[in-house]
Amino acid sequence: MINHELLRSFIAAADSGSFSAAGRLLGKHQATISGNIARLEDELNILLFDRVGKYPQLTEYGLALYDSAKVVVDSSERFNANALQLANGAPVAIRVGFDHHLDINDFVNVFQVLYKHYPLIKVSIINCSSSQLIEQTKAGSLDFALCPALEGHSQHYEFCNVGRWPIRFVCGKEHPLANKKQISNDELLAHTQIMALHDDHENIQYQGERMSPYTWECQDYNTSLSLIRANIGWGFLYSAQKPLSTDLVELFPEFALSHISIAYDIIWPKSQSLSTVSKLLIEAVRECFLQVKV
1 MINHELLRSF
11 IAAADSGSFS
21 AAGRLLGKHQ
31 ATISGNIARL
41 EDELNILLFD
51 RVGKYPQLTE
61 YGLALYDSAK
71 VVVDSSERFN
81 ANALQLANGA
91 PVAIRVGFDH
101 HLDINDFVNV
111 FQVLYKHYPL
121 IKVSIINCSS
131 SQLIEQTKAG
141 SLDFALCPAL
151 EGHSQHYEFC
161 NVGRWPIRFV
171 CGKEHPLANK
181 KQISNDELLA
191 HTQIMALHDD
201 HENIQYQGER
211 MSPYTWECQD
221 YNTSLSLIRA
231 NIGWGFLYSA
241 QKPLSTDLVE
251 LFPEFALSHI
261 SIAYDIIWPK
271 SQSLSTVSKL
281 LIEAVRECFL
291 QVKV
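Counting from 1, position 203 in the sequence shown corresponds to residue 203 in full-length UniProt numbering; the numbering is continuous, with no gaps.
Okay, here's the thing in structure tokens:
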């Protein structure tokens with residue numbers, strides 16, 4: 001089996017163009033680099049560098065093996081990093097749930113932070129209703145979920161508040177309500193409402209959201225947004241994006257005298273301590289909420 005230190009010396013020399021530069025890159029003496037490459041050539045029984053001239057040049061064999069050497073070294077480093085994280089208590093996998101009202105694009109930074117610190121962890125991301133998030137968290141199917149704060153459920157899970165998220169009334173620019181400066185409740189009731197799909201219509205959140213008797217229910221944020229853009233109906237948009245895209249119009253109903261927002265919690269299974277990964281995610285989610293003007 002080839003010693004990975006020999007491969008690192010080979011790669012560094014190929015990248016830097018000289019044995020002395022490779023030594024500086026790896027923090028080793030030039031003689032060590034030269035000796036490592038010579039040992040590697042002996043083990044492989046081929047010449048990797050042509051040493052005629054001031055600087056060593058990769059031979060055709062060296063060129064042919066360079067990419068393979070990088071794959072081997074990178075794989076070894078990933079293996080070692082993964083083993084170290086597991087030894088330090090990081091989970092092998094994490095299952096994350098998001099309220100389906102939310103635009104996942106508003107939380108990309110959360111996943112960038114997670115990937116930066118734990119690039120090898122297996123991540124499952126699920127979008128569903130608040131009732132499903134609660135049930136899956138209670139059952140232990142989710143490690144962590146971003147869910148609207150709902151009273152009367154906290155006995156089933158651990159939680160912490162992360163802030164409030166803005167809700168905006170919107171329609172497509174060709175919708176009949178688009179050109180109205182002020183909109184009555186009756187006008188909202190007269191038009192189709194696009195809303196998130198709820199498996200339980202007795203759910204408090206559903207009852208609070210539904211205004212029109214005419215509804216289209218959608219599984220996720222992007223489907224709702226597509227139907228609103230198609231001028232099929234108006235809807236609540238849980239979006240932090242300012243300003244709105246040009247194909248959307250923000251509505252100002254007469255009952256909404258101030259900006260509307262909703263409180264969100266992060267929830268996790270009862271009596272389960274937070275992993276280092278979950279703690280990192282909580283801070284990243286909080287940062288997203290802090291960046292939003294409510």
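Yeah, the Cβ is synthetic: ideal placement off N, Cα and C, and Gly gets one too.
Residue i - DSSP class collapsed to helix/strand/coil
i, result
"THR223", "helix"
"ASN45", "coil"
"TYR238", "strand"
"ASP67", "helix"
"GLU187", "helix"
"GLU151", "coil"
"LEU248", "strand"
"ALA145", "strand"
"GLN207", "helix"
"residue 299", "With the chain represented from 1 up to 294, any question about residue 299 goes unanswered, as that position is not in the structure."
"ASP50", "strand"
"LEU177", "coil"
"GLN272", "coil"
"LYS293", "coil"
"ILE232", "coil"
"ALA139", "coil"
"SER212", "coil"
Beta-carbon proximity check, residue i vs residue j, cutoff 8 Å
i, j, result
"SER20", "PRO56", "no"
"LEU40", "LEU6", "yes"
"PRO269", "GLY97", "no"
"GLN219", "HIS100", "yes"
"PHE159", "ASP265", "yes"
"ILE104", "ILE167", "no"
"GLY35", "PHE49", "no"
"SER278", "PHE144", "yes"
"TRP234", "GLN193", "yes"
"VAL285", "VAL110", "yes"
"GLU174", "ASN222", "no"
"SER124", "ALA93", "yes"
"PHE169", "GLU209", "no"
"PRO213", "HIS191", "no"
Supposed close pair residue i, residue j - CB separation, criterion 8 Å
i, j, result
"ILE126", "LEU142", "7 Å"
"ALA22", "ALA38", "Incorrect: roughly 13 Å between the Cβ atoms, too far for contact."
Endpoints, the alpha helix (DSSP H) within which residue i is located
i, result
"PHE255", "First-last for PHE255: undefined, no H or E at that position."
"GLY23", "19-26"
"ARG286", "276-290"
"PHE107", "Element bounds for PHE107: n/a, residue is neither H nor E."
"ALA4", "The residue you asked about is not Ala; residue 4 is His in the sequence shown. Note, HIS4: alpha helix (DSSP H), 4-16."
Residue-chain proximity (residue i, chain D), Cβ-Cβ < 8 Å
i, result
"ALA149", "Among the protein chains of the structure shown there is no chain D, as only one such chain exists."
Span of the beta strand (DSSP E) around residue i
i, result
"TYR264", "260-269"
"ILE167", "157-172"
"ALA196", "193-196"
"THR215", "215-218"
Residues bridged to residue i [DSSP beta-bridge criterion]
i, result
"LYS122", "ALA93"
"ASN127", "PHE98"
"GLN57", "ASP50"
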